[in-house]
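Numbering (my numbering), first residue to last: -6 to 90. All C-beta atoms in this analysis are idealised placements derived from N, C-alpha and C, irrespective of residue type, glycine included. Everything numeric in this text was worked out from a predicted model, so none of it was measured. Here's the structure we're looking at; comments come further down.
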């Protein structure tokens, strides 16, 4: 992840009062290896994916994710996905295990 993206995520979490900490560690291939390096359980870790989706309208985006029940509880009814220059930007944070 680029430093610029990391800083944006860090700022977003901080501004919204999220409780988190940043743990830096050497590179590893699996979540299990990372948990050992950190000295934590796998369930304490998370993976973040920053995606840009090009060529999909907001309406189509909502329909795709509604069909898969992905947006339930993640977007408010009046909330719009982040769009810029015809792309939708999405941040997904998932459990590491």
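Please classify residue i: is it buried, with 16 or more other beta-carbons within 10 angstroms of its beta-carbon, or exposed?
i, result
"residue 86", "exposed"
"residue 27", "buried"
"residue 8", "exposed"
If you measure between the beta carbons of residue i and residue j, is that distance less than 8 Å?
i, j, result
"residue 79", "residue 47", "yes"
"residue 30", "residue 39", "no"
"residue 41", "residue 16", "no"
"residue 35", "residue 25", "yes"
Pull up the CB-CB distance for residue i and residue j, whole angstroms please, since I reckon it's below 8 Å.
i, j, result
"residue 6", "residue 13", "6 Å"
"residue 45", "residue 82", "5 Å"
Every unbroken alpha helix (DSSP H) inside the region 4 to 39 [4 residues or more] = 24 to 31
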